[in-house]
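Here the protein sequences come in this chain order: A and B. Mapping the first sequence onto our numbering, position 97 (from 1) lands on 97, and the numbers just tick up by one. Basically our numbering = 1-based index in the second sequence + 1000. Report on the structure given below.
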Amino acid sequence: MNNLFDLTGKVAVVTGGNRGLGKEMALGLASAGADVAVVARNVTEEVLEEIRNQGVKAIGINYDIRNVDGYGSLVDQVIDQMGKIDILVNNAGVQKRHPAAEFPKEDWDFVMDINANAVFYLCQTVGKHMLERGKGKIINIASLLSFQGGLTVPAYAASKGAVMQFTKSLANEWAGKGVNVNCIAPGYMATEMNTALIEDPTRSRQILERIPAQRWGNGRDMQGAAIFLASDASDYIHGYTLAIDGGWLGR
Amino acid sequence: MTFQLDYFSLKGKTALVTGARTGIGQAISIGLAAAGAHVLLLGHRDNLQETQTKIEEIGGTYDTILIDLSKVDTIREKLKPIIEKHEIDILVNNAGVIYREPAVDFNEQEWMRVIDVNVNSIFVLSQEIGRGMVERGSGKIINIASLLSFQGGIFVPAYTASKHAVVGLTKALANEWAGKGVQVNAIAPGYIETNNTEAIRNDEQRNKSILERIPAGRWGEADDLAGAAVFLSSKASEYVNGHVLVVDGGWLGR
Chain A
1 MNNLFDLTGK
11 VAVVTGGNRG
21 LGKEMALGLA
31 SAGADVAVVA
41 RNVTEEVLEE
51 IRNQGVKAIG
61 INYDIRNVDG
71 YGSLVDQVID
81 QMGKIDILVN
91 NAGVQKRHPA
101 AEFPKEDWDF
111 VMDINANAVF
121 YLCQTVGKHM
131 LERGKGKIIN
141 IASLLSFQGG
151 LTVPAYAASK
161 GAVMQFTKSL
171 ANEWAGKGVN
181 VNCIAPGYMA
191 TEMNTALIED
201 PTRSRQILER
211 IPAQRWGNGR
221 DMQGAAIFLA
231 SDASDYIHGY
241 TLAIDGGWLG
251 R
Chain B
1001 MTFQLDYFSL
1011 KGKTALVTGA
1021 RTGIGQAISI
1031 GLAAAGAHVL
1041 LLGHRDNLQE
1051 TQTKIEEIGG
1061 TYDTILIDLS
1071 KVDTIREKLK
1081 PIIEKHEIDI
1091 LVNNAGVIYR
1101 EPAVDFNEQE
1111 WMRVIDVNVN
1121 SIFVLSQEIG
1131 RGMVERGSGK
1141 IINIASLLSF
1151 QGGIFVPAYT
1161 ASKHAVVGLT
1171 KALANEWAGK
1181 GVQVNAIAPG
1191 YIETNNTEAI
1201 RNDEQRNKSI
1211 LERIPAGRWG
1221 EADDLAGAAV
1231 FLSSKASEYV
1241 NGHVLVVDGG
1251 WLGR
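Structure representation (C-alpha cells):
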C-alpha cells in the first residue's frame, strides 16, 4: 500500500527549498524517494547533503525567482541534469507588513511578483513540459490568507488568494491531460516568516487560542501533505486546496 | 526527525468502516487493510462477502459487524460489545443512502431515513467510538461528505441537507477533540461510479452534462478515494483537523 505514496524515480523541483517549509517539503519528498532540485537565491551545500542523506539525488540552482524571463532556461537546466520534472512545489514566498493606508507600492509589487506572478509563470513553464509528457503534479503553497484577510498584510492576502484561484484555472485546463494542480494551505507554522507573530505575546496567545489542535504547525506536518499530493494517491484531486491548519478554518 | 514513509502505514491499527459492502466503503476498507489496518466491516445484512474476499486476497484481516444504522436508537447497545472487544483507532463513517423525489412531493419517511442514516447514526458512532479515542488521546475519524456538502443538487433535498450536516458535525467535533489528539475530518467524493450514482449514469443526458463539467474528464472510481482515506487515517496527517478533503476530479473549481 505504501507504494501508493512512493515517489521513487520522480524528480521534484522545490522553490525556496533552502529553508523553512520549503526545505521541510524537499526533505519530505526525498524521504519518499524523489530526487530534488532546490531552487533558491542561495542554495547551501548543507541542505543538499541533508536531502542526499535520504538516498536520493539533489541539485541546487541559485536563482532569483523574480527573473521570470529566465524560467525557460531554468527548466532546461533541471531537465538537463535530472532528465525530467514530475513534481513542482511552488513554495517561495515573502511577507511585508504595513497598515493598508500606508502600504508602499514597491512592497505591494515585491509581494505580488514573488507570491503570485512568479508562481503562475513557473506553473506555465513547467506545466508545458508536464503536458508534453501527459503527467505531472504541481503543488502551490497557498495560505490561510487565501481564505481570510489577515491583519496589515493585504499584499500577502491578495497574492495567496490569487494562487488559490489560478490553481483552479490551471486544473480546469490541465486535469484532463494528466497534470494535477493543487494547493496546500499551511496554517500558523512555527517558521522564520512568523517570528514577529510568535514573539508578540498578545498575537501569539490569540492565535494559539484559536487553533483547535492547540499548537503551531511544523515542517513535518507539511511533509505528509506534500507527499500525498505529489503521489499517485491523489490522482483524482484537482484544483483543490488542502488546509494543514490544526483546524483553524473551522473554528 | 525527518519524515518517514511509514508514517502512512496503518500496521497495528484497527479501523471500523460503515457501509463496507460495496462502492466507496469497500474501496476504503481494502485500502486501509492494504496499509496494514485490521478492518471491522460494518454492514446491515450478512452480504459483505465480496469485500471480505478482496481483503483476504491482499492478505488483510477483518471482522464483520452487522448493525442497521437506520435504527439509530439501537446503535449504542449494539456497539457496546464491539467497543469492549476492539480498541478502534480509525472510524470511517461512510454508510449513506440517497432518495430522489422532487421537493414538493418528497416523502417524509424517506426524509427521516436519509437524515437518520447519513447524519444521526454518524453522531452516535462518533460519540461512542470517539469517547475512547479522547480518553486514549489518539484517534482518527473520517466522515464521508459529498459535493452536496457544498452544492444543492437536484431532487435530493434530504441527501443535501444531511451532507451539509456532516461537514458541520466534522468541524464541531474537530474543534472539541483536535487538542486531545483526535483528528476529525471528512472526504468529499465527486461523481464516483457507485450504486448511488447508477441512476444518473444511466440517464444519458445527465451523464453527459456531468462528464462535461469534470475537469479530469472521467467519473471517479471508488479506488480514487483510498489514498485520501489512508492519508487521513495515518500519522502523515496529524495537523489536519476539521477539514473536508475534496476528491472530485476538479468539479468544484469549475
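Backbone N, C-alpha and C fix where the C-beta goes; we use that ideal spot for every residue, glycine too.
Taking every protein chain shown into account, the CB of K1080 of chain B has fewer than 16 other CB atoms within 10 angstroms, so this residue is exposed.
For G239 of chain A, the three-state secondary structure derived from DSSP is coil. Per DSSP, the unbroken beta strand (DSSP E) holding D35 of chain A starts and ends at 35-40. The Cβ atoms of V1167 of chain B and S1138 of chain B lie no closer than 8 Å to each other. Counting only residues of its own chain and dropping the five nearest sequence neighbours on each side, I1067 of chain B has a CB closer than 7 Å to the CB of L1042, H1044, I1075, K1078. If you look at A58 of chain A, you'll find it in the beta strand (DSSP E) that goes 58-62. Counting C-beta pairs closer than 8 Å gives three or more between the region 2-18 of chain A and the region 37-51 of chain A, which meets the contact rule. Cβ contact annotation for K1163 of chain B (same chain, cutoff 6 Å, sequence separation greater than five): A1145, S1146, L1148, S1149, in chain order.
With its beta carbon at least 8 Å from every one in chain B, D35 of chain A lies outside the interface. Using a Cβ-Cβ distance cut-off of 8 Å, the region 65-82 of chain A and the region 117-127 of chain A are in contact, since at least three pairs of beta carbons, one from each stretch, lie closer than that value. Secondary structure at V1247 of chain B: strand, using DSSP grouped into helix, strand and coil.
Only those residues of the region 1234-1253 of chain B whose C-beta falls short of 7 Å from the nearest C-beta of chain A are listed: A1236, S1237, E1238, Y1239, V1240, N1241, G1242, H1243, L1245, V1246, V1247, G1249, G1250, G1253.
Residues of chain B whose Cβ lies closer than 9 Å to the Cβ of L21 of chain A do not exist, since the nearest Cβ in that chain is about 12 Å away. Taking 8 Å as the cut-off, the beta carbon of N1093 of chain B is found no closer than this to the beta carbon of I1115 of chain B. Among the CB atoms of chain B, one or more fall inside 8 Å of the CB of L242 of chain A. One Cα belongs to D245 of chain A, the other to L1252 of chain B, and the distance between them is close to 21 Å. In the three-state scheme derived from DSSP, where H, G and I count as helix and E and B as strand, P186 of chain A is classed as strand.
Assignment of beta-bridge partners to D1063 of chain B by DSSP yields B:L1040.
Interface with chain A (8 Å Cβ-Cβ cutoff): Y1007 of chain B is included.
Going by C-alpha positions, E1198 of chain B is about 29 Å away from V181 of chain A.
The criterion of a C-beta distance shorter than 8 Å is not satisfied by I1058 of chain B and V1039 of chain B. The Cβ atoms of I1141 of chain B and V1184 of chain B lie closer than 8 Å to each other.
Listed by position along chain A, the residues whose Cβ is nearer than 9 Å to that of N1175 of chain B are P212, G247, G250, R251.
Here the alpha carbons of E1193 of chain B and M130 of chain A stand approximately 28 Å from one another. Annotation for N1143 of chain B: the continuous beta strand (DSSP E) segment containing it runs 1139-1144. Around the CB of E24 of chain A, 16 or more other CB atoms lie within 10 Å, so the residue is classed as buried.
Our two residues, E199 of chain A and A1174 of chain B, have alpha carbons roughly 27 Å apart in a direct line. If you look at N194 of chain A, you'll find it isn't in any alpha helix (DSSP H); DSSP assigns it neither H nor E. At a cut-off of 8 Å between C-beta atoms, K168 of chain A counts as an interface residue with respect to chain B. For chain B, none of the residues of the region 131-143 of chain A brings a beta carbon within less than 8 Å of one of its beta carbons. With contacts defined as CB atoms closer than 8 Å, E1087 of chain B and G1130 of chain B fail to qualify as a contacting pair. Shown here is that no member of the region 1154-1169 of chain B has a Cβ falling below 7 Å from a Cβ of chain A.
Boundaries of the beta strand (DSSP E) harbouring P1189 of chain B: 1182-1189, taken from the DSSP string. Under the three-state reduction of DSSP, I139 of chain A is assigned to strand. With its beta carbon at least 8 Å from every one in chain A, G1059 of chain B lies outside the interface. For L1232 of chain B, the enclosing alpha helix (DSSP H) stretches over residues 1226-1233.
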